[in-house]
Amino acid sequence: MNALLETARLRLRPWTVDDVVRAAPIFADPATMATYDDREPWDTARLRREVARWIESQESRGFSLWAVERRDTGELIGGCGFLDCEDTGELEIHFVIARSQWGQGFATEAARAAVEHGAGPLGLPRIAGVVWPGNAASEAVLRKLGFAFERRIPFFGAEALLYALTRPERPA
């Protein structure tokens, strides 16, 4: 499938049902998922449901969480994009990168491309980012992109940190 967005090292594109097998190890990894959504690893059945939801969102709304691939190898290394946050009622930036790819700046690179797309073609007036306390890496990604801390919020039955980028410009 053609890329929706490309960076120097990454390709962000809509998910396909065929991606489930390649993505399953990422979303089943307890360390990776310890800081994502409800902090629980996903089994293949849940991943299939989520991928179907992302495909439907892309088709009906023009955005979703997108598959993130390395351009040099074609390896699927995670996801990044926009999803509705039920706890805040806002559109939220999401990013999840395979543990084997951590520390290389891929989350920042993918999120920067997504935010630029959100601020440009999608015309989003505000983008939220929700982070679990103690997730310094994700907080750093949001801060690098110009997100500001707003407040603590209830999230999946616990407390999380809400960051936001209002009237997003191209990230710094």
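Its first residue numbered 1061, the sequence shown is counted upward by one per residue in this note's numbering. C-beta atoms are modelled at their ideal positions from N, C-alpha and C, and glycine is treated no differently.
Give me the DSSP bridge partner(s) of P1214. Its beta-bridge partners are E1219.
* Asked: If we count the other Cβ atoms within 10 Å of its Cβ and call it buried at 16 or more, is T1226 buried or exposed?
  -> By the 16-neighbour rule on beta-carbons within 10 angstroms, T1226 is exposed.
| field | F1155, DSSP secondary structure in three states | value | F1155: strand per DSSP, three-state reduction.
| Shortest alpha-carbon distance to R1212 belongs to which of K1204, A1218, R1203 and L1222? | Measuring from the Cα of R1212, the nearest candidate turns out to be L1222.
Q | One or two residues paired with V1190 in a DSSP bridge | A | L1222, per the DSSP bridge assignment.
- request: Report the three-state DSSP secondary structure of L1202 (helix, strand or coil).
  value: Reduced to three states, the DSSP call for L1202 is helix.
- Quick one: any contact between the segment 1122-1136 and the segment 1066-1084, if contact means 3 or more CB pairs under 8 angstroms? Between the segment 1122-1136 and the segment 1066-1084, the count of Cβ pairs shorter than 8 angstroms is three or higher; the stretches touch.
- Query: Among residues of its own chain, excluding the 5 on either side of G1189, which ones have a beta-carbon nearer than 6 angstroms to its beta-carbon?
  - Reply: So the qualifying residues of the chain are I1153, L1202, F1207 and Y1223.
Throw me the rounded Cβ distance for the L1065 and A1173 pair, which I believe falls under 8 angstroms. That pair is a contact at about 5 angstroms.
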